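Notes follow the structure.
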Amino acid sequence: MSETQKTEKSGPEKSGVGNGTIVAICCSFVIGMVGMAYAAVPLYEMFCQVTGYGGTTQRVEQASDVILDKKIKVRFDANTGPGLAWSFEPVQREVELRIGETVQIMYRARNNASVPTTGQATFNVTPQAAGAYFNKVQCFCFTETTLKPGEELIMPVVFFVDPAIVEPVETKGIHTLTLSYTFYPHEASKPVASAAEVKADDANKL
């Protein structure tokens, strides 16, 4: 075979390799875009929790050790989403506390349906700029809530307003906050089967 023929034959082979690489890159790009779409929601929620964007409150493990000689008023709001037959309201409509002081307030929920139902609460603070300084130590919104027909539940919220709220220009003049919750229908989590239950189930199948 002449050198010219060898050269002509190698051309298509190189082109085939190039096309395969392009296809692989395109597939990787599509898969990456799909992955980013699925990750967008949890990443956005994480961003809100870290920055307080959109009035998202912060979750902390311990109370503040700094209490200022300055008070702030917090009002409480309650709502239920479509499809959840609950009565939901704050036990007290507002409270005045010192900035940095840890307080506990209560919300009340009642299931008006004839079957057990489960709800999950979303929350936010207004003005939105104050969300990053509203710290929750304990809250019913951290987990789902299941109520039996006619069952009523008193649910605590333990929180404090971070003393750092008085430092930024956009928040230092805030004197009143509103903490708002909305309960939405939520499918109850299935309990994890114990090892004994798994063994018993396997034995029954034999």
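Start counting at 1 in the sequence shown, then tack on 25, and there's your number in this note's numbering. Backbone N, C-alpha and C fix where the C-beta goes; we use that ideal spot for every residue, glycine too. Computed from a predicted structure; not experimentally measured.
Inset, instruction - Please confirm if the stretch 85–102 is in contact with the stretch 166–174, defined as three or more CB-CB distances below 8 angstroms between the two stretches. - result: Output reads no: the stretch 166–174 does not touch the stretch 85–102.
Inset, instruction - Would you decide whether residue 134 is buried or exposed? Buried here means 16 or more other CB atoms lie within 10 Å of its CB. - result: buried
Inset, instruction - Taking only the alpha-carbon atoms, compute the straight-line gap between residue 124 and residue 188 and give it to the nearest angstrom. - result: 6 angstroms
Inset, instruction - Check residue 103 in the structure and name its three-state DSSP category. - result: strand
Legend entry - Pair within 8 angstroms by beta-carbon distance, residue 186 and residue 161: no
Inset, instruction - Could you spell out where the beta strand (DSSP E) holding residue 137 opens and where it closes? - result: Taken as a continuous stretch (DSSP letters only), residue 137 belongs to no beta strand (DSSP E), as it is neither H nor E.
Legend entry - Presumed contact (8 angstroms Cβ cut-off) between residue 209 and residue 132, rounded CB distance: Contact flag wrong, Cβ pair sits at about 15 angstroms.
Inset, instruction - Confirm, please, whether the CB-CB distance from residue 204 to residue 148 is below 8 angstroms. - result: yes
Legend entry - contact_flag[the stretch 115–129, the stretch 84–94] where n(CB pairs < 8 angstroms) is 3 or more: yes
Legend entry - Chain-order list of residues whose beta-carbon lies under 8 angstroms from that of residue 92 (same chain, five-residue window excluded): 123, 124, 125, 126, 188
Legend entry - Nearest candidate by alpha-carbon position, reference residue 109, set 100, 102, 139: 139
Inset, instruction - Please determine, among 113, 121, 179, 201, the residue with the shortest C-alpha to C-alpha distance to residue 137. - result: 113
Legend entry - Extent of the continuous beta strand (DSSP E) to which residue 173 belongs: Residue 173 -> no beta strand (DSSP E), and no H or E assigned at all.
Inset, instruction - Could you check what DSSP says for residue 156 in three-state terms: helix, strand or coil? - result: helix
Inset, instruction - Note down the Cα distance separating residue 70 from residue 197, rounded to an integer number of angstroms. - result: The pLDDT assigned to residue 70 is 42, lower than 50, so where the model puts this residue is not dependable; a value taken from the coordinates is nonetheless given after this. Approximately 26 angstroms, taken between the alpha carbons.
Legend entry - Inter-residue Cα distance where the pair is residue 179 and residue 118: 15 angstroms
Legend entry - Minimum C-alpha distance to residue 200 - residue among 165, 142, 151, 163: 151
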